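Sequential numbering of the sequence shown, starting at 0, is according to numbering that gives the first Met the number 0.
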Amino acid sequence: MPSFDVGAFVVGNKLVKAHLLAKTPGILAGMPFFNAVFEELGCEVQWFVTEGCRLDLSPVAEADAQGRFPPEDTGDFDATPSHFKGRKKIAEVTGPVCRVLQGERTALNIISRCSGIATQTSQLVAIKRQHGWHGEVAATRKVTPGFRLFEKYAVVVGGGVPHRMTLSDMTMLKDNHCWACGGDIQAMVRKARSACGFSNKIEVECQSLAEAMEAASAGAEVVMLDNFPAAEAKAAAARLKEQFPHGLTVEISGGLSEETAPEYFSEHVDVLSFGSLTHGYGVLDFSLKVVG
């Protein structure tokens with residue numbers, strides 16, 4: 000909260016309503032966080048759509064002969080939870096005008112970014128289904144500092160999986176861990192197992208099939224094939240599943256995109272993880288308009 004908000008002083012505290020308008024198509028995500036911002040400010044939020052719905056918007060109306068555009072919230076609202084057209088009201092915020100305006104930008108920033116991530120994740124999930132691949136689309140820990148919960152949540156809304164939330168959720172031993180242990184993968188995995196016991200999975204990031212075989216032999220439940228070319232990755236995954244048919248998860252990561260992902264789809268690959276889901280995403284456009 001600001002120490003002194005001149006804008007709030009100017010507008011006062013009369014009770015108003017404000018319309019949340021969706022302006023670009025995509026998957027809506029972030030409703031709980033939007034609500035929390037305004038609840039903290041003593042405002043109420045009423046939604047006319049549901050979390051995870053697809054915002055299918057028609058093109059924005061053109062200007063008339065005088066160069067004027069119609070108001071953003073014109074037209075009758077289509078109450079169907081998952082479908083509405085044009086720039087439409089999808090929620091209504093009620094509260095003191097000074098409080099509504101204080102929460103406006105924070106709430107919009109959150110919902111715009113969450114919806115952008117959910118949209119991108121949903122597109123990847125749609126691609127995997129089109130190709131008949133049954134593995135998981137996952138995020139990574141490449142998140143915005145302080146925004147991890149929001150971004151990981153948005154991945155889930157979009158149909159993906161968040162991967163581990165913190166260093167405590169699963170033991171992941173990366174190339175730097177291996178280097179610090181003198182390159183001895185088996186010793187590294189054994190030491191990790193002595194600390195985490197049976198209740199925590201161990202994943203090892205591998206740069207070659209030989210490293211992956213060594214990690215799996217040492218007892219790692221998950222092996223990550225990092226930055227492998229597609230053909231090499233699929234061949235390595237097949238070999239690993241042949242050698243370790245029970246309980247081994249094969250993850251592929253490194254430079255994956257919507258365009259390249261289908262090249263990695265294989266019955267032997269369980270997870271594709273995309274850093275771009277949480278550090279290279281676009282945003283959806285929303286606005287909040289006070290209507291009195």
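Don't be surprised by glycine CBs; every beta carbon is placed ideally from N, CA and C.
On a predicted model such as this, the values are computed, not experimentally measured, just so you know.
Would you verify that the beta carbon of residue i is, or is not, closer than 8 Å to some beta carbon of chain B?
i    : result
E210 : Judged by its chain identifiers, the structure shown contains no chain B, having just a single protein chain.
Check the C-beta distance from residue i over to residue j and give it rounded, since I have them as a contact under 8 Å.
i    : j    : result
S272 : A138 : 7 Å
I109 : Y280 : Going by Cβ atoms, the distance from I109 to Y280 rounds to 14 Å, so no, they are not a contact pair.
A235 : F227 : 7 Å
Below 6 Å CB to CB, which residues in the same chain sit around residue i once its five sequence neighbours on both sides are set aside?
i    : result
G102 : V36, F37, L40
F264 : H130, W132
N199 : T170
A28  : C113, S114, A117, A153, V156
Nearest by alpha-carbon distance to residue i: which of the options is it?
i    : options                : result
G312 : A214, L54, V136        : An answer regarding residue 312 cannot be provided, because it is not within the stretch 0 to 291 covered by the chain.
M171 : M187, R112, K151       : M187
A214 : H176, V10, E231, G131  : H176
L255 : T118, A237, A232, T143 : A232
G6   : D284, V249, I184, V96  : V96
E266 : Q122, W132, R163       : W132
A125 : I26, V249, W178, L107  : I26
List the endpoints of the continuous beta strand (DSSP E) containing residue i.
i    : result
T105 : No beta strand (DSSP E) holds T105; the alpha helix (DSSP H) holding it covers 96-129.
H18  : 14-21
V142 : Note, V142: premise wrong, no beta strand (DSSP E); not H, not E.
S275 : Where S275 is concerned, there is no enclosing beta strand (DSSP E), although the alpha helix (DSSP H) it sits in stretches over 275-278.
Tell me which residues share the same chain as residue i and place their Cβ nearer than 7 Å to its Cβ, disregarding the 5 neighbours each side in the sequence.
i    : result
F8   : none
P80  : Its pLDDT being 36, under 50, P80 is placed unreliably in this model, and the coordinates cannot settle the point.
S207 : none
Can you list, in chain order, the residues of its chain whose CB lies under 8 Å from that of residue i, leaving out five sequence neighbours each side?
i    : result
G291 : V15, K16
R192 : I201, G218
G94  : L14, V15, F37, L40, G41, C42, E43
F76  : Any reading at F76 needs caution, since the residue's pLDDT is 38, under 50, leaving its predicted position unreliable; the model's value is listed next. Cβ neighbours of F76 beyond the five flanking positions: F47, F83, K87, K88.
Determine whether the beta carbon atoms of residue i and residue j lie at a separation below 8 Å.
i    : j    : result
K173 : E204 : yes
E220 : G196 : no
A229 : V222 : no
V142 : E150 : yes
L276 : S111 : no
P24  : L54  : yes
F3   : A106 : no
D269 : V249 : yes
Q45  : A90  : yes
Along the alpha helix (DSSP H) that carries residue i, what are the first and last residues, could you check?
i    : result
D174 : 174-179
M187 : 184-195
V10  : 5-10
M212 : 208-217
Using a threshold of 7 Å, is the CB atom of residue i nearer than that to any non-hydrogen atom of the ligand PLP?
i    : result
L276 : For the structure depicted, the ligand PLP is absent and the ligand set is empty, with no information on it obtainable.
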